[in-house]
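Protein chains in written order, with numbering that gives the first Met the number 0: chain A, 0 to 191; chain L, 0 to 191.
Here is the structure we will look at, set down as structure tokens.
There are 2 protein chains.
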Amino acid sequence: MTDDRPFRFTIPIPSAVPSRVDHHIERRLSAMKGQFYDTQAYEAMLANEDLLLYEVYEIKRPEVAGELLMGISVVHPGKVGREFFMTKGHYHTVLDTAEIYYVLKGEGFMVMETPEGICAVEPLSPGQVLYVPPRWAHRSVCTSRREDLVTFFAYPGNAGHDYGTIEQKGFHKLVMEGPDGIEITDNPRWRA
Amino acid sequence: MTDDRPFRFTIPIPSAVPSRVDHHIERRLSAMKGQFYDTQAYEAMLANEDLLLYEVYEIKRPEVAGELLMGISVVHPGKVGREFFMTKGHYHTVLDTAEIYYVLKGEGFMVMETPEGICAVEPLSPGQVLYVPPRWAHRSVCTSRREDLVTFFAYPGNAGHDYGTIEQKGFHKLVMEGPDGIEITDNPRWRA
């Protein structure tokens, strides 16, 4: 691997599109079926337009321990009913692997929980680092009305993604807009 | 480890001192004996004052694979003779582990090489991410005359630090101030 040279790239703000992108993921409303609490609002929105909820710009590296996978996550502003736009959320397939987020722009929350049902919801704002310890599922939520939530993330190369558990169960906590501002509420649909 | 909750901290710019610090390292001129090319200039400076060259603010995590260790590195501006202030530089003890740097402030270079003697010297400026692949020793150099070089770094928890190899051999490349600006030159003292 000695021909595997160091490299660098720039994350220009406000565009947030890095100068190197190996893989660009676009997640639209249709990819989030069953994830938002208000299914009626979801179906009505989807019938109108398959909106782009978030994008991920990935930098590819070998998917082995010792390497670090990284990229930029951009969650767009918006709501499905009263629930803010968010990422699918996932556990790592290798559960004992952490993830780091550095917030570049915007406002939001990281919703997290363990397989034992311990929950954490942490606010995110620019200049903050969030550490997701091994074993915690995580989902980012954009709560700004106008601005994207932009984060730089990194995790061990062997981590892998388990989306299925969250797709099936959901998270315990929802991030909603209430009459007095942002509300963190229990998810009545959470399935054990 | 379910009581091991997610946490976050802020990196305020320009101070760069993170809101959470578990360990603060200060490296002074006296800790860099034999590292700068101009030994006469080094001894003269040291006789005058044991200057602070760089600081590291570490966030502690268990030192095991799957965790990520992280912190803030602050290299102060200055020179020993014509050679810019720099970090000691190191290999990882577990050679097959990478490191990520995100540049928050300042200007400089990352000087890197492999055990086989392949070299890379990459410029650093704010908004850039530098990926140091597994197997590459690395040292950061501050080339600004007035501003600190501030980077956020992260690497696998099991990586470890091997400072001895670089202390003994040095890096192949030096970052110097020349008559026409910054010069990347071969290190005549490099030892195989």
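Cβ coordinates follow ideal geometry from the N, Cα and C atoms, glycine included.
Model, not experiment: these values are computed from the prediction.
Excluding the 5 residues preceding and the 5 following PHE188 of chain A in the sequence, name in chain order all residues of the same chain whose CB lies nearer than 7 Å to its CB. Taking the first residue of the first sequence as position 1, residue 188 of chain A is located at position 189. The sequence as given places Arg at residue 188 of chain A; Phe does not occur at that position. TYR36, GLY169.
Going by other Cβ atoms of all chains shown within 10 Å of its Cβ, with 16 needed for buried, is TYR162 of chain A buried or exposed? Your numbering for residue 162 of chain A matches position 163 in the first sequence. Classification of TYR162 of chain A: exposed, given that the 10 Å Cβ count is below 16.
To the nearest whole angstrom, what separates the beta carbons of SER139 of chain A and GLY107 of chain A, a pair I think is in contact under 8 Å? One-based indexing of the first sequence puts residue 139 of chain A at position 140. One-based indexing of the first sequence puts residue 107 of chain A at position 108. At roughly 6 Å, the Cβ-Cβ gap stays under 8 Å, so SER139 of chain A and GLY107 of chain A are in contact.
Per-residue burial, GLN127 of chain L [other beta carbons within 10 Å of its own, 16 or more giving buried]: Against the second sequence, residue 127 of chain L aligns to sequence position 128. Flag for GLN127 of chain L reads buried.
According to DSSP, is THR1 of chain L helix, strand or coil? Working through the second sequence from its first residue, we reach residue 1 of chain L at position 2. The pLDDT assigned to THR1 of chain L is 39, lower than 50, so where the model puts this residue is not dependable; a value taken from the coordinates is nonetheless given after this. Coil at THR1 of chain L, not helix or strand.
Under a Cβ-count criterion, where at least 16 other Cβ atoms within 10 Å of its own Cβ denotes burial, should ILE165 of chain A be classed as buried or exposed? Here the question's residue 165 of chain A lines up with position 166 in the first sequence. Buried, by the Cβ-count rule.
Confirm, please, whether the CB-CB distance from CYS118 of chain L to LYS172 of chain L is below 9 Å. Walking along the second sequence from the start, residue 172 of chain L turns up at place 173. Walking along the second sequence from the start, residue 118 of chain L turns up at place 119. Contact flag set, yes.
Mind pulling the chain L residues with CB within less than 8 Å of THR86 of chain A? As a position in the first sequence, residue 86 of chain A is number 87, starting the count at 1. The premise fails here: THR86 of chain A is roughly 16 Å from chain L at the closest Cβ pair, so nothing lies under 8 Å.
Could you tell me the boundaries of the alpha helix (DSSP H) in which ILE165 of chain L lies? Sequence index remark: in the second sequence, residue 165 of chain L carries index 166 (1-based). Residues 163-168.
Touch check for the stretch 78-94 of chain L and the stretch 36-55 of chain A: three-plus C-beta pairs under 8 Å? no
Going along chain L, which residues have a C-beta under 9 Å from MET111 of chain A? The residue you call residue 111 of chain A lines up with position 112 of the first sequence. Neighbours of MET111 of chain A on chain L, chain order: ARG4, PRO5.
Verify the contact flag: THR113 of chain L, CB atom, against every heavy atom of the ligand SAH, threshold strictly below 8 Å. With respect to the ligand SAH, the structure offers nothing, as it holds no ligand at all.
Chain L partners of ALA64 of chain A, CB-CB under 9 Å? For this step, residue 64 of chain A is matched to residue 65 along the first sequence. Within chain L, the residues ALA64, GLY65, ASP95, THR96, PRO155, ASN157 have their CB atoms less than 9 Å from the CB of ALA64 of chain A, given in chain order.
Does DSSP classify GLU25 of chain A as helix, strand or coil? What you label residue 25 of chain A is simply residue 26 of the first sequence in a count that begins at 1. Here GLU25 of chain A sits in strand by DSSP.
Could you list the residues in the stretch 121-137 of chain L with a C-beta less than 7 Å from some C-beta on chain A, going in chain order? Answer set for the stretch 121-137 of chain L: GLU121, GLY126, GLN127, VAL128, LEU129, TYR130, VAL131, PRO132, PRO133, ARG134, TRP135.
What span of residues does the alpha helix (DSSP H) with GLN34 of chain L cover, start to end? Working through the second sequence from its first residue, we reach residue 34 of chain L at position 35. Run containing GLN34 of chain L: none; DSSP gives neither H nor E here.
Once the 5 residues before and after GLY105 of chain A are set aside, which same chain residues still bring their CB inside 7 Å of it? The residue you call residue 105 of chain A lines up with position 106 of the first sequence. Cβ within range, chain order: CYS141, SER143, GLU146, ASP147, LEU148, VAL149.
Give the straight-line distance between the Cα atoms of PRO125 of chain L and LEU68 of chain A, rounded to the nearest whole angstrom. The sequence position of residue 125 of chain L within the second sequence is 126, counting from 1. The sequence position of residue 68 of chain A within the first sequence is 69, counting from 1. For PRO125 of chain L and LEU68 of chain A, the distance between alpha carbons rounds to 21 Å.
Quick check on ILE165 of chain A - is its C-beta less than 9 Å from some C-beta in chain L? Locating residue 165 of chain A in the first sequence gives position 166, counting from the first residue. The Cβ of ILE165 of chain A sits no closer than 9 Å to any Cβ of chain L.
Alpha-carbon spacing of HIS196 of chain L relative to PHE6 of chain L, whole angstroms: Lying outside 0 to 191, the shown extent of chain L, residue 196 of chain L is not represented and no answer is given.
Beta-carbon proximity list for ASP185 of chain L, same chain, < 8 Å, skipping 5 on both sides: As a working note, residue 185 of chain L is residue 186 in the second sequence. For ASP185 of chain L, where only same-chain residues beyond five positions count, the Cβ hits under 8 Å are HIS171, LYS172, LEU173.
Can you find the residues in the same chain that come closer than 6 Å, C-beta to C-beta, to ASN157 of chain A, ignoring five residues on each side of it along the sequence? Here residue 157 of chain A corresponds to residue number 158 of the first sequence, with the count starting at 1. Contacts found: VAL63, ALA64, VAL93.
According to DSSP, simplified to helix, strand and coil, what is THR86 of chain L? The count along the second sequence starts at 1 and reaches residue 86 of chain L at position 87. THR86 of chain L falls in the coil class under three-state DSSP.
Tell me, please, whether the CB atom of LEU9 of chain L is closer than 9 Å to any CB atom in chain A? Within the second sequence, the letter at position 10 stands for residue 9 of chain L. The residue asked about is misnamed: residue 9 of chain L is Thr in this sequence, not Leu. Yes, contact with chain A.
Close-in-space but distant-in-sequence residues of the same chain around TYR101 of chain L (CB under 7 Å, 5 per side omitted): Locating residue 101 of chain L in the second sequence gives position 102, where the first residue counts as 1. Its chain contains VAL128, THR150, PHE151 as the residues whose beta carbon lies nearer than 7 Å to that of TYR101 of chain L, once the 5 sequence neighbours on both sides are disregarded; these appear in chain order.
Just the chain A side, please: which residues come within less than 8 Å of PHE151 of chain L by C-beta, in chain order? In the second sequence, the residue the question calls residue 151 of chain L occupies position 152. Within chain A, the residues near PHE151 of chain L are TYR101, VAL128.
Buried or exposed for GLN34 of chain L, going by 16 or more other Cβ atoms inside 10 Å? Locating residue 34 of chain L in the second sequence gives position 35, counting from the first residue. Around the beta carbon of GLN34 of chain L, 16 or more other beta carbons sit within 10 angstroms, so the residue counts as buried.
Short of 8 Å Cβ to Cβ, which residues in the stretch 12-25 of chain A face chain L? ILE12, PRO17
Rounding to the nearest angstrom, what Cα-Cα distance links PRO17 of chain L and PRO76 of chain L in this structure? As a first step, residue 17 of chain L must be located in the second sequence, where it is residue number 18. As a first step, residue 76 of chain L must be located in the second sequence, where it is residue number 77. The alpha-carbon atoms of PRO17 of chain L and PRO76 of chain L are separated by roughly 20 Å.
Shorter than 9 Å from the beta carbon of ILE181 of chain L to some beta carbon of chain A? By one-based count along the second sequence, residue 181 of chain L stands at place 182. Chain A contact via Cβ: absent.
Within the continuous beta strand (DSSP E) that includes LEU148 of chain L, where are the two ends? Mapped onto the second sequence, residue 148 of chain L falls at position 149. Boundaries of the beta strand (DSSP E) around LEU148 of chain L: 148-155.
I want to see whether chain L comes within less than 9 Å of ALA191 of chain A, judged by CB atoms only; does it? Reading the first sequence from its first residue, position 192 is the one you call residue 191 of chain A. By this cut-off, ALA191 of chain A is not an interface position.
Helix, strand or coil for GLU42 of chain L per DSSP? Taking the second sequence and counting its residues from 1, the one referred to as residue 42 of chain L is at position 43. In the structure shown, GLU42 of chain L sits in a helix (DSSP, three-state: H, G or I).
Return the chain-ordered ranges of every beta strand (DSSP E) run that is complete within the stretch 94-126 of chain L and spans a minimum of 3 residues. Runs found: 98-104, 107-112, 118-123.
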